[in-house]
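Heads up, the thing below is written out as structure tokens.
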Amino acid sequence: MQAAKSKSRRRFIMGGVAVTGALVVGWGVMPPRQRLNGTHPLPLAGDSVALNGWVGIGKDGSVTVAMPRSEMGQGVHTALPMLVAEELDVPLSAVRLVQAPIDKIFGNIAMLRDGLPFHPDDTGRLKSAVSWVVGKVARELGLIITGGSSSVKDAWEPMREAGGTARAMLVAAAAAEWSARAADCRTEAGHVVHADGRRLAYGALADKAVHAQPGEVRLKSPEEFKLIGHPQPRRDTPSKVNGTAIFGIDARPQGLVYAAVRMSPVIGGTVASVNSAAALKMPGVLKVVDFSSALTEKTGAGAGVAVIAKTYWQAKQAALALAVKWNDGPQAGLSSAAIYADFAAKLDKEDGFAYYKAGDMDAVEGKAAGVAKTVKAEYRAPYLAHAAMEPVNCTAQVKDGKVHVWAPTQSPGFAVDVAAKVGGVAAENVVLEVTMLGGGFGRRLDVDMVAQAVAIARQADGQPVQMIWSREDDTTHDVYRPAALARFSATLDAAGNVLGYDNKSASGSISHQFFKRNLGLPSGGPDKTTAEGEFDMQYHFANQRIRHVIVDSAVPLGYWRSVGHSHNAFFKESFIDELAHAAGKDSVAFRRELLAQHPRHLAVLNAAVAKAGAAPEGRAHGVALHQSFGTIVAQVAEVSVDGAEIRVHRVVCAIDCGLAVNPNIIAQQAESGVIFGLSAALFGAATIKDGKIEQSNFHDYPVVRLNQAPEVETIILPSTAHPEGMGEPAMPPIAPAVANAVFKLTGKRLRSLPLTL
């Protein structure tokens, strides 16, 4: 039986496009809507004037830049203004950031485009056409979201265009002032300079530049960059060191009171009754409120009640004193074991959706001639909590027909929408202040905490209320990284060559839940995030099939750093090592053979291996290579084993992320990804018993401590290609790299996360 590349994915994509057929006819063939000027004014202070929707100039030469992405430690408050400063020709220190208004020009187009289920090697017309249409749809939706390692990728063109256009307008204004040709003028350090030496500061030209025509705007080439590509210090570091940085938990509006919550301990449970008499008698307690009706299904925040008090400590103690009876509901018997058993049963019975299929299915299924060996393996990964250092919190005030929210959110647009809905006002009557985030990792893409806080504030008689979850609330009421089960089978000939490769996995769907609870969209159809890292791998197998079975999840699911790549890289890279061993080949040499058609991937692998050198005595090197969010990462983990303890001493991380906007931040994100991923690889598991999450705090949901952290050496390969994502790609390879090293040391193949001997 012969099969060409699967048509199932094509039918799925074309079906989605057909639904928006009206967009494709006429509207769909028009150029995408511009992203330079919005419908909402740029918020400016003093005498500054806006030259477009992103950039304003003050008479003192200061530059105001709209910031549409949330700073959660990934460095966007440094990297994004660099793009504007480069094209505007101003020092980075001259740039002042303001929160971007909720305007469609700030929508994240790159993230939605990256959600398309295309293989990276696909360069066909269908991919180009669908990417074009999705980009236009994304522009119309204008979803302001920080996620998917997309901030720099998405901002690369519009923010440079904003800076370049503003510079051209200033040059035009200076040329008019001098009665000179614009071609005879250049810019440097916040000034327009004429060929004869005359110069005018941007501040002196700002008012006239507003009305100037920029003409043709030429953006700089990489050879002209003075900021981009050069290490720059983090702009947010001083405030985080001296304590002046404002996170969500630092909001202090006048008259602030506090709220602590009690939520159903069983997934999907509801409130049966509350006796608040004892709590209301406690010091500082103002009110007890039920917020359950504000929440949709399958949110992290379960049904429950809150205590409002003058201090958080008073609120928390009173919340603990509440006598609450719960209706446990249908999930009272839910367990991790039952969930994995369901996955296995579904994999036994269902074909799943084929994300990628190529070549001869007889070879894939072991029916072709020449098969000498079949290798099979089953892998599993658990649910994971986000465990951000700043626990879930939100501050809200409902007063005089308006809602004011202070929130550390990755989704400002969703936050405004839910605040308006729960607060009973129109969206234009919501004021949102986005603070810094003490860690996001995808948890703060959801806005259940905003709904909860606004529902509580509605009953606070106009006072602003800061709702704070305890660490236990946070761990037991997350939107979790899905658990997953994956099966692999490969056939080899007598020489150790792979004839066929088959992979089928099962898990819940994050996207089905996320878009239903945040956009009201019906769930259904394939979800690329379930199979990413499996179907879009770089290794060349002539005959392969990658499928996934979506299993409806009672557990609330959410985007977790690197999403499906977080576990699928472990599955895939571990099985590649298994195949190398079965073929009697060195794992690096085996990968090199499979990467012959991918020189960029091969270069990244070679760079990591060369830098790592030989493992010291008593230690072993494990290797993994993975591409996610457009970025290729190879890691070599240097590991030792002492009894049951797995210790990672050193990690060499080689990266090709396209053009490196700020090498400092890239290295920091590599280190962050390794540590975050290592925490999950060695310790991470949120398990379920009797419908409850069993873990509650860092004593039973540990993360890597300082004395357990390895040395991380980062290599950034030079490139002039379009910048790709960097917030997440260093995370997926670490678990398989460690597992592969453990196999060398012990002969034990660890196929379940977390890794335990």
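The opening residue of the sequence shown carries number 1 in UniProt numbering; numbering runs sequentially from there.
Each residue gets a CB set at the ideal place from its N, CA and C atoms; glycine is no exception.
As assigned by DSSP and simplified to three states, the class of residue i
| i | result |
| --- | --- |
| residue 774 | The question about residue 774 has no answer here: the residues shown for the chain are numbered 1 through 757. |
| residue 316 | helix |
| residue 340 | helix |
| residue 188 | strand |
| residue 89 | coil |
| residue 150 | coil |
| residue 601 | helix |
| residue 82 | helix |
| residue 240 | helix |
| residue 211 | coil |
| residue 755 | coil |
| residue 552 | coil |
| residue 617 | coil |
| residue 676 | helix |
| residue 481 | strand |
| residue 275 | strand |
| residue 458 | coil |
| residue 492 | strand |
| residue 24 | Residue placement at residue 24 is flagged as unreliable, the pLDDT there being 42, under the threshold of 50; the coordinate-derived value follows with that caveat. If DSSP states are grouped into helix, strand and coil, residue 24 belongs with the helices. |
| residue 293 | helix |
| residue 537 | coil |
| residue 443 | helix |
| residue 609 | helix |
| residue 47 | coil |
| residue 421 | helix |
| residue 668 | helix |
| residue 720 | coil |
| residue 39 | coil |
| residue 542 | coil |
| residue 77 | helix |
| residue 451 | helix |
| residue 426 | coil |
| residue 200 | strand |
Beta carbon of residue i nearer than 8 Å to that of residue j
| i | j | result |
| --- | --- | --- |
| residue 574 | residue 580 | no |
| residue 273 | residue 288 | no |
| residue 533 | residue 572 | yes |
| residue 283 | residue 254 | no |
| residue 697 | residue 78 | no |
| residue 502 | residue 489 | yes |
| residue 142 | residue 32 | no |
| residue 492 | residue 543 | no |
| residue 227 | residue 347 | no |
| residue 113 | residue 131 | yes |
| residue 392 | residue 419 | no |
Endpoints, alpha helix (DSSP H) assigned at residue i
| i | result |
| --- | --- |
| residue 708 | Where residue 708 is concerned, there is no enclosing alpha helix (DSSP H), given that its DSSP letter is neither H nor E. |
| residue 740 | 734-746 |
| residue 568 | 565-583 |
| residue 195 | Neither: residue 195 is in no alpha helix (DSSP H) and is coded neither H nor E. |
| residue 503 | Run containing residue 503: none in the alpha helix (DSSP H); it sits in the beta strand (DSSP E), 498-507. |
| residue 367 | From DSSP, residue 367 is part of no alpha helix (DSSP H); its letter is neither H nor E. |
| residue 133 | 125-141 |
| residue 758 | Residue 758 lies beyond the stretch modelled for the chain, which goes from 1 to 757, so this question has no answer here. |
| residue 474 | 471-476 |
| residue 531 | 528-531 |
Residue range of the beta strand (DSSP E) that includes residue i
| i | result |
| --- | --- |
| residue 631 | 631-642 |
| residue 592 | Run containing residue 592: none in the beta strand (DSSP E); it sits in the alpha helix (DSSP H), 587-594. |
| residue 326 | 323-327 |
| residue 357 | 353-358 |
| residue 64 | 63-67 |
| residue 433 | 430-434 |
Task: 3 or more residues per run - each beta strand (DSSP E) lying fully within the region 377-418 - done: 393-399 and 402-407
Task: contact_flag[the region 729-746, the region 556-569] where n(CB pairs < 8 Å) is 3 or more - done: Because the criterion of three Cβ pairs below 8 Å is met, the region 729-746 and the region 556-569 touch.
TODO: Tell me the start and end of each unbroken alpha helix (DSSP H) in the region 88-122 that is at least 4 residues and wholly inside, in chain order.
DONE: 109-114
Open item on the list: Does the contact criterion of 3 or more C-beta pairs under 8 Å hold for the region 210-230 versus the region 148-166?
Closed with: yes
Open item on the list: For the structure I just gave you, are there three or more beta carbon pairs, one from the region 231-249 and one from the region 106-125, closer than 8 Å?
Closed with: The region 231-249, when compared against the region 106-125, does not touch it at the 8 Å Cβ threshold.
TODO: Taking 8 Å as the threshold, find out whether the region 395-403 comes into contact with the region 363-377 through three or more Cβ pairs.
DONE: Here the region 395-403 makes no contact with the region 363-377; the two share fewer than three CB pairs at distances below 8 Å.
Open item on the list: Using 8 Å as the cut-off, can you tell me whether the region 429-444 makes contact with the region 456-470, which would need three or more C-beta pairs spanning the two stretches below that distance?
Closed with: Segments in contact, no.
- [ ] Check whether the region 645-656 touches the region 606-616, counting contact only when three or more Cβ pairs, one atom from each stretch, lie closer than 8 Å.
- [x] yes
TODO: Please specify which runs of the beta strand (DSSP E), each continuous and at least 3 residues long, are wholly inside the region 221-269, giving them in chain order.
DONE: Counting whole runs of 3 or more residues, the region 221-269 contains the beta strand (DSSP E) stretches 257-263.
Task: Stretch pair the region 683-691 + the region 332-339: three plus CB contacts closer than 8 Å - done: yes
Open item on the list: Count Cβ pairs between the region 61-75 and the region 171-185 that sit closer than 8 Å; are there 3 or more?
Closed with: They do not touch, by the three-pair rule.
TODO: Specify whether the region 724-732 and the region 669-686 touch according to this definition: at least 3 beta carbon pairs, one from each stretch, less than 8 Å apart.
DONE: yes
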